[in-house]
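Numbering (my numbering), first residue to last: -2 to 440.
Built from N, CA and C at the ideal position, the CB exists for glycine as well.
Before any comments, here is the structure.
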């Protein structure tokens, strides 16, 4: 039995083993760890991408593949819709497994693939699952679909190599972060190989462009400020809200609890293990006045199954389904956000994303914020109430949400106007489409 097969059988997982499995699959240890070779590789890749982009000039119909593993990473509704409405573009979602290297439950992976397919169907988006029905093997879309433009929703080497930016270096590749970049993870957010190789990296604000210029090997040359497309829905007047909150006999305040997945490893911001019992107790105590939506990060369940086992994990998730004033939300969350009254979380991206609602929000603390957030994240964090203890959580529910005592309201309004409104008067999807057109035409 091979070493990798032995590790899988033993269900062993560690950062070291994870890195070993990636190195085994991606033979780039020399290329990405020798500085001058890495610089050369990025320049070579960018030249090939630009040449491939120029070849699109005059082409009447462009095939656009949006590679997606989990619904929570999808931030491109309005870009996809804009392409659907244009005669020049043929967009479709390519659903791939997440992740092939972390030894997660195969059953849970299959559930995620089905959930992602349902997610696309609900939106009326064309999608493909590029798996051979007879052999079960994942196929190369470059050979079968031959896309002209490829959007990535994940920058990590967690997918088969045939779906990584490596494989599409000869055509226009685009990347949008799956979360609003608020954390002090400059390598992950600005200097991953897939990000450096991308033809376009669409950024949230000019502050993020400065981060890219400072921390990426590409020095931000492939970066374009457009505003964050994942939050465009909150800037539009034409969106029709769907009430996804569970029906109640009487009107109640609606609070989202959104815990992060980092319960293990060296980088942990998640307070889930600290407050999971407390949150159930709060849901029971305030059952007559508050609705709670449990909105876990899409990877939390994978990790809990490894830590708690499947039975305990399923039992915990089931409680949030069965309690009459509660609900479990594992997919898209825009309607959940818009229909809510407040939120409690320890999520990196939600630190800024929920501020589009301009509603009360509490950040559940585990670390010193200066150790976690970048400069923009610190500003977003500053618009939150902060909680570490049961008493602080209950104070937020009782006084701020139910009592209406919200002294931070004006600050949130100012922050929204200064940093989150339409960039240069245009919506993110409009800026993204205009940027792609300019690159194709060589401008």
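Between the alpha carbons of residue 396 and residue 267 lies a distance of about 25 Å. Looking only at 46, 389, 331 and 348, the smallest Cα-Cα distance to residue 229 is reached by 331.
A residue is called buried once 16 or more other Cβ atoms fall within 10 Å of its Cβ, and residue 368, having fewer, is exposed. Ranked by Cα distance from residue 178, the options 222, 162 and 394 are led by 222. About 6 Å separates the CB atoms of residue 252 and residue 287; that is less than 8 Å, so the two are in contact. In this structure, DSSP gives residue 147 an extended state, which the three-state scheme calls strand. Excluding its 5 nearest sequence neighbours in each direction, residue 326 has C-beta neighbours in its own chain below 6 Å: 290, 292 and 333, listed in chain order. Between the stretch 87 to 95 and the stretch 113 to 128 there are three or more inter-stretch CB-CB distances shorter than 8 Å, so the stretches are counted as touching. Judged by DSSP in its simplified three-state form, residue 312 adopts helix.
In the DSSP secondary-structure assignment, residue 88 is bridged to 61. Here the C-alpha atom of residue 393 lies approximately 47 Å from the C-alpha atom of residue 163. Annotation: residue 30 to residue 307 spans about 38 Å, alpha carbon to alpha carbon. Here residue 193 has 39, 213, 214 and 215 as same chain residues with Cβ atoms under 7 Å from its own Cβ, once five neighbours each way along the sequence are excluded.
Apart from sequence neighbours up to five positions away, the residues of its chain that approach residue 226 with a beta-carbon distance below 8 Å are 72, 73, 74, 75, 76, 173, 199, 425, 426 and 429, ordered along the chain. For the set 391, 137 and 249, the Cα lying nearest the Cα of residue 322 is the one of 249. Taking 3 residues as the shortest admissible run, the stretch 339 to 424 contains the following complete beta strand (DSSP E) segments, listed from N- to C-terminal end: 339 to 342, 358 to 361 and 382 to 384. Nearest Cα to residue 116 within the set 66, 353, 33 and 432: 66. The beta-carbon separation of residue 390 and residue 279, rounded to 7 Å, stays under the 8 Å limit for a contact. The DSSP-derived three-state label of residue 53 is coil. For residue 200, the three-state secondary structure derived from DSSP is strand. For residue 183, the enclosing alpha helix (DSSP H) starts and ends at 183 to 187. Per DSSP, residue 253 lies in no alpha helix (DSSP H); the unbroken beta strand (DSSP E) holding it starts and ends at 250 to 255.
For the options 175, 153, 357 and 387, the alpha carbon positioned closest to that of residue 19 is the one of 153. DSSP, read as helix, strand or coil, puts residue 42 in helix. Minimum Cα-Cα distance from residue 175 among the listed residues 270, 151 and 118 corresponds to 151. Going by beta carbons, residue 417 and residue 360 fall outside the 8 Å limit. Taking all protein chains shown into account, residue 144 has 16 or more neighbouring C-beta atoms within 10 Å of its C-beta and is therefore buried. Following the DSSP letters along the chain, one finds residue 172 inside the beta strand (DSSP E) bounded by residues 169 to 173. Closest in alpha carbon position to residue 140, among 170, 439, 365 and 165, is 165. Distance from residue 112 to residue 328 at the Cβ level is roughly 7 Å; contact confirmed, criterion being Cβ atoms closer than 8 Å. Judged by DSSP in its simplified three-state form, residue 245 adopts coil rather than helix or strand. The bridge partners DSSP lists for residue 135 are 128. The beta carbon of residue 300 lies closer than 7 Å to those of 258, 260 and 261 in the same chain, with the five residues before and after it left out. Around the beta carbon of residue 161, 16 or more other beta carbons lie within 10 angstroms, which makes this residue buried. Nearest in C-alpha terms to residue 254, of all of 358, 243 and 224, is 358. Taking the CA atoms as reference points, residue 93 sits about 42 Å from residue 247.
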